[in-house]
Each structure stands twice: as structure tokens, then as C-alpha cells.
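K.L.:
Shown below is the structure under consideration.
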Amino acid sequence: MMNRRLSAALLLLALAAAPARAQAPDQPAPGAPERVYTLDDAMRLIRNDPNLQSAQQDVTIAESRVTEAELRFLPEVGLQASATKFNAIYPFSLSEDFRNILLFPSPQDNIYSGRAYFNMPLYEGRRTLNTLHLAQAAYKQALASRDSVRMDLTLKVKSAFYRLLLAQDRAAADDDERRAAETLPLDGLGPWESVEAQGLLAGAEARADQASHDLQAARLDFLKSLNLELDTPFRVEGTLTTEPVKIDVERSVLWAMELRPELQSQTYKAQMDAIGVNLALGRRYPTVYMAGDYEQTAQTFPLNKNNWDLTVGVKLPFTYDLWSQLKQKRAEQRQGQLTRSELQDRVRLEVRRAADSLGYWQDELPLREKQWRRVQALYAAAADRPGSTLAKLRARESVLDLHLAYLSAVTEHLLARARLARAVGREIAP
Numbered sequence: 080m081m082n083r084r085l086s087a088a089l090l091l092l093a094l095a096a097a098p099a100r101a102q103a104p105d106q107p108a109p110g111a112p113e114r115v116y117t118l119d120d121a122m123r124l125i126r127n128d129p130n131l132q133s134a135q136q137d138v139t140i141a142e143s144r145v146t147e148a149e150l151r152f153l154p155e156v157g158l159q160a161s162a163t164k165f166n167a168i169y170p171f172s173l174s175e176d177f178r179n180i181l182l183f184p185s186p187q188d189n190i191y192s193g194r195a196y197f198n199m200p201l202y203e204g205r206r207t208l209n210t211l212h213l214a215q216a217a218y219k220q221a222l223a224s225r226d227s228v229r230m231d232l233t234l235k236v237k238s239a240f241y242r243l244l245l246a247q248d249r250a251a252a253d254d255d256e257r258r259a260a261e262t263l264p265l266d267g268l269g270p271w272e273s274v275e276a277q278g279l280l281a282g283a284e285a286r287a288d289q290a291s292h293d294l295q296a297a298r299l300d301f302l303k304s305l306n307l308e309l310d311t312p313f314r315v316e317g318t319l320t321t322e323p324v325k326i327d328v329e330r331s332v333l334w335a336m337e338l339r340p341e342l343q344s345q346t347y348k349a350q351m352d353a354i355g356v357n358l359a360l361g362r363r364y365p366t367v368y369m370a371g372d373y374e375q376t377a378q379t380f381p382l383n384k385n386n387w388d389l390t391v392g393v394k395l396p397f398t399y400d401l402w403s404q405l406k407q408k409r410a411e412q413r414q415g416q417l418t419r420s421e422l423q424d425r426v427r428l429e430v431r432r433a434a435d436s437l438g439y440w441q442d443e444l445p446l447r448e449k450q451w452r453r454v455q456a457l458y459a460a461a462a463d464r465p466g467s468t469l470a471k472l473r474a475r476e477s478v479l480d481l482h483l484a485y486l487s488a489v490t491e492h493l494l495a496r497a498r499l500a501r502a503v504g505r506e507i508a509p
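Residues in the sequence shown are numbered from 80 upward in steps of one, following this note's numbering.
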């Protein structure tokens with residue numbers, strides 16, 4: 080009896096533990112290999128982003144619509160065959176779907192028909208041609224939208240990568256500072272000096288803990304930017320180094336006006352609006368078409384009764400809503416012009432802001448490096464000399480702050496370059 084109760088208790092514990100293990104998706108699988116990512120590796124993984132894949136599908140759809148529009152220039156060609164069993168007391172005709180074949184009372188109660196036909200518009204007010212141009216403009220707009228999505232993702236991944244490198248360097252520096260501060264002797268200090276020393280040590284420990292927390296957040300942001308599983312074991316390889324670049328704001332603005340895919344998309348949208356107006360106007364023109372048939376019909380095989388026809392016809396439409404639709408299309412065209420003008424102003428502002436930010440960090444970076452190198456050299460020269468523990472703690476904290484300020488400047492310079500490249504629509508060469 081006791082053994083059965085023990086077995087039942089162990090079974091319940093096992094069943095309760097299974098959901099608990101399933102509810103911990105953030106824990107990496109035991110023995111999972113650690114992945115290593117460089118910036119180039121991260122850039123290659125952009126292609127797996129669902130937003131970019133969706134934009135690529137829009138390109139595929141638009142390309143298919145171009146093909147459909149091109150096929151409209153070909154005549155409609157087809158074959159039709161039918162077999163009918165009937166019983167006629169009075170003459171009648173089949174339905175329109177079967178060519179209105181006339182049937183008369185006859186001892187034969189079957190009729191067979193085979194037909195080849197074509198139908199081709201000769202003139203329809205350039206509606207087919209405008210439909211093709213509309214599809215081509217929509218295809219180019221889809222390409223521009225895909226490029227815009229790719230550039231946004233490039234900036235997003237670069238930002239996550241550089242900020243993760245900064246978080247790694249900051250966490251390593253803060254952790255080294257905490258360990259070094261803990262080794263300094265605190266004996267012989269007065270009561271007030273002891274209070275200050277303990278406060279400095281507590282501050283170093285708090286900064287190290289905060290840096291570790293920020294590192295974990297930066298790792299999650301990096302995984303999210305690449306759409307990877309959040310429990311993926313990985314590490315990134317790279318160094319926070321940068322080079323100065325030449326900044327020409329006016330040339331950058333001109334490049335942006337020419338290269339930004341958003342502006343290109345609006346240009347194609349303007350073409351589509353103009354084509355929409357032409358399509359609305361095209362409804363008032365007649366349609367000239369040509370059609371032909373060759374048909375063999377008989378009540379018995381072989382089918383030896385041949386009929387053929389070749390027809391040229393004209394359709395003159397009477398459209399009641401022509402002017403209302405034309406007014407709508409012209410209003411959409413004007414709306415697109417206003418949107419394009421507003422977008423151009425926004426792009427100019429983005430370029431100038433990005434250039435100003437890059438210029439600031441480009442000037443600030445050498446100053447911070449010079450300050451850090453100078454104070455670091457002074458600290459190295461005084462490291463072996465006697466001094467109070469408090470002075471050493473303050474000196475180490477000053478060197479650490481200047482080092483982190485320099486790393487932050489390098490990161491901000493890299494990010495400013497990436498933002499300017501996004502604003503312009505091309506990479507900024509050193």
C-alpha cells in the first residue's frame with residue numbers, strides 16, 4: 080500500500096514538473112552550440128526578417144501584374160466543343176453559352192459542334208497601354224518600398240550591434256573596476272574616510288550591476304532585431320573603432336533627393352495618379368474590336384457543315400459617372416503632390432539633423448580620446464607611488480568615467496554615420 084502511494088506521488092510530481100519546464104522558453108537548451116556574430120553576419124541575416132520578406136512578396140505580386148497587363152495585348156483565343164441531345168416539337172435555339180445554335184424538329188436527336196474563336200481589341204482609348212504603364216509603375220514602387228524596408232532594417236541591426244558592443248565593453252570595464260577597488264586596503268582610514276571609501280566601493284558595485292543589467296537588455300535587443308529566438312546562446316565579435324568622414328550637407332541633400340527610396344516611391348505614385356486620370360478619361364473613347372469564329376456543326380459524324388465569320392465592331396460607351404470619377408482621380412493626384420512635397424521637406428530635415436549629429440561627434444570624439452589618454456597616462460605614472468586609498472579610488476573612477484565617455488563617443492559616431500547613410504540613401508565613405 081505504501082509503495083503504491085509513493086509511486087502515485089512521484090507520478091504527480093513528474094506531471095507537475097513537465098509544464099514548468101515548458102514555461103521556461105528563455106532558458107537555452109542544454110548543450111546548444113554558441114553562435115558567433117560579426118556585423119557582416121548580422122547584415123546577412125536581415126533577409127530573414129518578416130517585414131522584408133513581405134515587401135519582397137509585394138514585388139512578386141507587382142511583377143505578376145505587369146505580366147498580366149502585357150498579356151492583354153494578345154487576342155483572346157479559344158476552343159469550344161459541345162454535344163447536345165434534344166427533342167424539338169417547334170424550332171428553338173440553344174442558350175448563348177452554346178452559340179444560340181438553331182434546332183429544328185428532326186428524327187436525329189443529337190447535334191455536335193466544334194468551334195475555334197478569337198477576339199482582339201484594335202483600339203480602346205489607350206486603356207490597355209495605360210493599364211500596362213500603371214502596372215509597371217506599381218512594380219517600381221514595390222521595389223522602392225522593399226529597398227526602404229531593407230534600409231530601415233540595416234539601421235536597426237547596426238544600432239543594436241554597436242550598442243551591444245558598447246554594453247559589453249562597459250560591463251567589462253565596470254567589472255574590472257569593481258574587482259580592483261575591492262583589493263585596495265582600507266586599514267588605517269579615519270571614520271569619515273571609511274564612510275567615503277565604502278560609498279565609493281558601493282558605487283562601483285552598483286555601476287557594475289547596472290552595466291550587467293544593460294548588457295542583458297542589449298543582448299535581447301540584438302536578438303529581436305535579427306528575429307532570433309530569445310534563448311539563443313551567442314556572442315558578438317567586433318571592436319568599437321571608427322574613422323572620420325567628410326561631411327558635405329548640400330551634396331548629401333542632393334543625394335537624398337535622388338536616392339531615397341521613399342521619394343522614388345512617391346515619384347512612381349505620381350505616375351500612377353497621372354495614369355489613373357488618363358484611364359478615367361479613356362472611358363469616353365469608343366472601343367474598336369475584331370472577332371472571328373470557325374465552326375463545324377452537324378447531327379452526325381463527321382462534322383461537315385462549316386461556318387465562319389470575321390467581325391469588326393465598335394462600342395460607344397455612355398458613362399454617367401465619368402466626371403465624378405475624373406474629379407476623384409484629379410483630387411488623388413493633387414493629394415499625392417502635397418504628400419510628396421511634405422516628404423521632401425522631411426527628408427531634407429533628416430539629412431541635416433543626421434549631418435549635424437555626425438559633425439558634433441566627429442569633433443567631440445578626438446577631444447574625449449585625448450582627455451582619456453592623458454589622464455590614463457598620468458594614472459599609470461602615479462600607480463606605483465604612495466598615496467591614500469581614497470585618492471586611488473577617486474583616480475580610478477575618473478579614468479573609468481573618461482574611458483566610458485570615449486567609448487560612448489565612438490558608438491555615437493558610428494550610429495551617426497549609420498543614420499546619415501539612412502537619411503541619404505547610400506553608405507558614407509571615410
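For glycine and all other residues, C-beta sits at the position ideal for the given N, C-alpha and C.
This one's a predicted model, so the numbers in the text were calculated from it and none came from an experiment.
Grab me the residues of R339's own chain with a C-beta within less than 6 Å of its C-beta, minus the 5 sequence neighbours each way, in chain order.
P.N.:
The residue given as residue 339 occupies position 260 in the sequence shown. Only V426, G504 meet the Cβ criterion.
K.L.:
Thinking just about the alpha-carbon of each residue, which of S273, A276, A285 is nearest to the one in D254?
P.N.:
Your numbering for residue 254 matches position 175 in the sequence shown. Taking only the C-alpha atoms, the option nearest D254 is A285.
K.L.:
Could you pull the start and end residues of the beta strand (DSSP E) that V315 belongs to?
P.N.:
Taking the sequence shown and counting its residues from 1, the one referred to as residue 315 is at position 236. Counting along the chain, the beta strand (DSSP E) containing V315 begins and ends at 313 to 315.
K.L.:
Here's the rule I'm using: 16 or more other beta-carbon atoms within 10 Å means buried, otherwise exposed. How should L472 be labelled?
P.N.:
Counting from one through the sequence shown, the residue named residue 472 turns up at place 393. L472 should be labelled buried.
K.L.:
Cα-Cα, which of A359, R496, A239 is closest to R432?
P.N.:
For the purposes of this step, residue 432 is taken as the residue at position 353 of the sequence shown. Selected option, being the one with the closest Cα: R496.
K.L.:
So, at 6 Å on beta carbons, what are the nonlocal neighbours of R242 in its own chain, with the 5 sequence-adjacent residues on each side left out?
P.N.:
Counted from its first residue, the sequence shown places residue 242 at position 163. Closer than 6 Å at Cβ, skipping near neighbours: A297.
K.L.:
Pull up the DSSP beta-bridge partners for F171, would you.
P.N.:
Numbered from 1 along the sequence shown, position 92 holds the residue referred to as residue 171. In DSSP, F171 forms a bridge with L182.
K.L.:
Could you spell out the range, first to last residue, of the beta strand (DSSP E) harbouring Q159?
P.N.:
Position 80 of the sequence shown, counting from 1, holds the residue named residue 159. Here the beta strand (DSSP E) through Q159 covers 155 to 164.
K.L.:
Any beta carbon of chain B sitting closer than 8 Å to that of W440?
P.N.:
In the structure shown, chain B cannot be found, because there is only a single protein chain.
K.L.:
Cα separation between I168 and F183?
P.N.:
In the sequence shown, residue 168 corresponds to position 89, counting from 1. In the sequence shown, residue 183 corresponds to position 104, counting from 1. Those two C-alpha atoms are separated by around 8 Å.
K.L.:
Measure the C-alpha to C-alpha separation of D372 and V156 and round it to an integer number of angstroms.
P.N.:
For this step, residue 372 is matched to residue 293 along the sequence shown. For this step, residue 156 is matched to residue 77 along the sequence shown. Between D372 and V156, the C-alpha separation is close to 10 Å.
K.L.:
Going straight from the alpha carbon of V138 to that of L208, what length do you get?
P.N.:
Taking the sequence shown and counting its residues from 1, the one referred to as residue 138 is at position 59. Taking the sequence shown and counting its residues from 1, the one referred to as residue 208 is at position 129. Distance between V138 and L208, taken at the CA atoms: about 21 Å.
K.L.:
Report the rounded CA-to-CA distance for N179 versus L173, giving the unit in angstroms.
P.N.:
As a position in the sequence shown, residue 179 is number 100, starting the count at 1. As a position in the sequence shown, residue 173 is number 94, starting the count at 1. One C-alpha to the other measures close to 5 Å.
K.L.:
So, for I354: in the same chain, excluding its five sequence neighbours on each side, which residues have a beta-carbon less than 6 Å away from its beta-carbon?
P.N.:
The residue you call residue 354 lines up with position 275 of the sequence shown. These residues qualify, in order along the chain: N209, H212, L213.
K.L.:
With DSSP collapsed to three states, give me the class of R419.
P.N.:
Here residue 419 corresponds to residue number 340 of the sequence shown, with the count starting at 1. Helix, per DSSP.
K.L.:
Can you list, in chain order, the residues of its chain with a C-beta nearer than 7 Å to that of L294? Leave out the 5 residues immediately preceding and following it.
P.N.:
Here residue 294 corresponds to residue number 215 of the sequence shown, with the count starting at 1. Hits under 7 Å: A246, Q247, A250.
K.L.:
At what residues does the alpha helix (DSSP H) containing K303 begin and finish?
P.N.:
To locate residue 303, count along the sequence shown from 1; it is residue 224. First-last of the alpha helix (DSSP H) with K303: 270 to 304.
K.L.:
My guess is that T117 and E411 are in contact by the Cβ rule of under 8 Å, so how many angstroms apart are they, rounded?
P.N.:
If you number the sequence shown from 1, residue 117 lands on position 38. If you number the sequence shown from 1, residue 411 lands on position 332. Not confirmed; about 47 Å, so no contact.
K.L.:
Quickly, what does DSSP pair P445 with across the bridge? List them, please.
P.N.:
Locating residue 445 in the sequence shown gives position 366, counting from the first residue. DSSP, once it has assigned bridges, lists no residue as partnering P445.
K.L.:
If contact is defined by three or more beta carbon pairs under 8 Å, each pair taking one atom from either stretch, is the segment 267 to 287 in contact with the segment 453 to 471?
P.N.:
In short, these stretches touch, since the Cβ pair count reaches three.
K.L.:
Between D188, A141, F197, which has its C-alpha nearest D388's C-alpha?
P.N.:
Residue mapping note: residue 388 aligns to position 309 of the sequence shown, counting from 1. Comparing Cα-Cα distances from D388 to each of D188, A141, F197, the minimum goes to F197.
K.L.:
Taking a contact to mean a Cβ-Cβ separation below 8 Å, would you say E256 touches L479 in this structure?
P.N.:
Taking the sequence shown and counting its residues from 1, the one referred to as residue 256 is at position 177. Taking the sequence shown and counting its residues from 1, the one referred to as residue 479 is at position 400. Taking 8 Å as the Cβ cut-off, E256 and L479 qualify as a contacting pair.
K.L.:
Under DSSP, the beta strand (DSSP E) around F197 begins and ends at which residues?
P.N.:
Stepping through the sequence shown from its first residue, residue 197 is reached at position 118. F197 -> beta strand (DSSP E) spans 189 to 202.
K.L.:
Could you compute how far the alpha carbon of E308 sits from the alpha carbon of R114?
P.N.:
The residue given as residue 308 occupies position 229 in the sequence shown. The residue given as residue 114 occupies position 35 in the sequence shown. Distance between the alpha carbons of E308 and R114 is about 12 Å.
K.L.:
Work out the CA separation of D327 and A508 for me, nearest whole Å.
P.N.:
Within the sequence shown, numbered from 1, the residue matching residue 508 stands at position 429. Within the sequence shown, numbered from 1, the residue matching residue 327 stands at position 248. So the two alpha carbons sit approximately 12 Å from each other.
K.L.:
Determine, using beta carbons only, whether L483 and A216 come nearer to each other than 8 Å.
P.N.:
Locating residue 483 in the sequence shown gives position 404, where the first residue counts as 1. Locating residue 216 in the sequence shown gives position 137, where the first residue counts as 1. In this structure, A216 does not lie closer than 8 Å to L483 by Cβ.
K.L.:
Tell me the residue span of the alpha helix (DSSP H) that contains V324.
P.N.:
Here the question's residue 324 lines up with position 245 in the sequence shown. Boundaries cannot be given for V324, as no alpha helix (DSSP H) includes it and DSSP labels it neither H nor E.
K.L.:
How long is the line joining the alpha carbons of V454 and F240, rounded to whole angstroms?
P.N.:
Locating residue 454 in the sequence shown gives position 375, counting from the first residue. Locating residue 240 in the sequence shown gives position 161, counting from the first residue. Spanning the two alpha carbons is a distance of roughly 29 Å.
K.L.:
So, A518 versus L305, is the Cβ gap smaller than 8 Å?
P.N.:
With the chain running from 80 to 509 in the structure shown, residue 518 is simply not present.
K.L.:
So T376 and K384 are supposed to be a Cβ contact under 8 Å. How far apart are they, rounded?
P.N.:
By 1-based counting over the sequence shown, the position of residue 376 is 297. By 1-based counting over the sequence shown, the position of residue 384 is 305. 5 Å between Cβ atoms; contact.
K.L.:
Strictly by DSSP, which residues pair up with N130?
P.N.:
As a working note, residue 130 is residue 51 in the sequence shown. BP columns for N130 are empty, so no partner.
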